[in-house]
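Position 52 of the sequence shown, counting from 1, maps to 108 under our numbering, and the rest follow consecutively. Idealized CB from N, CA, C, for every residue including glycine. Fair warning: this is a prediction, and the values are worked out from it, not measured in the lab. What follows is a set of notes on a single structure, which appears directly below.
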Amino acid sequence: MNRLFLTTAIDYANAKPHLGHAYEKVLTDTLARFARRTGQTVRFLSGLDEHGQKVQQSAGKSGKTPQEFVDGICGQFLSLWKILRVEPDDFVRTTERRHKKLVAEVLEKLHRQGDIVKGTFKGFYSVRAEQFLTEKEREA
57 MNRLFLTTAI DYANAKPHLG HAYEKVLTDT LARFARRTGQ TVRFLSGLDE HGQKVQQSAG
117 KSGKTPQEFV DGICGQFLSL WKILRVEPDD FVRTTERRHK KLVAEVLEKL HRQGDIVKGT
177 FKGFYSVRAE QFLTEKEREA
């Protein structure tokens with residue numbers, strides 16, 4: 057039997073959901089439903105990234121703690137998925153204990169294997185781009 061694993065982007069929980077979020081989830085849900093109807097075993101995963109500077113800034117502007125803020129945003133996303141009948145098999149929030157536990161286990165394994173090296177990096181971090189930029193990239 058064919059198996060299909062589908063995952064969507066995990067959206068940043070720094071603002072309410074918009075059409076772009078809905079578009080991707082509806083398409084993925086449609087693909088999952090079609091695959092199931094054709095006899096495939098499907099696992100459809102989605103979720104929210106509830107960490108980061110943008111989330112912290114949005115929470116601060118709203119007068120809430122980051123956790124209070126993302127709890128509210130998560131409710132909005134889940135309400136929209138219900139209205140649109142988007143039904144992932146699992147919805148993972150990065151603030152969930154199970155997610156934190158798995159990330160800690162993976163990082164520990166990588167460290168034991170020597171795949172993580174402690175060092176220093178200097179650079180400019182762009183909150184907007186959510187990445188470090190080189191001097192050349194900053195000038196562009």
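- Sixteen is the threshold: since fewer than 16 other Cβ atoms of the shown chains lie within 10 Å of the Cβ of G119, the residue is exposed.
- Secondary structure of F180 (DSSP, three-state): strand.
- Restricted to the segment 135–190, the beta strand (DSSP E) segments that are unbroken, complete and at least 3 residues in length are 146–149, 180–182 and 187–189, listed in chain order.
- Between the segment 110–118 and the segment 146–158, the count of Cβ pairs shorter than 8 angstroms is below three; the stretches do not touch.
- One thing to note: R59 has its Cβ no nearer than 8 angstroms to the Cβ of G103.
- Distances from the alpha-carbon of I129 to those of L163, H74 and F177 put H74 closest.
- Per DSSP, G119 lies in no alpha helix (DSSP H) segment and is marked neither H nor E.
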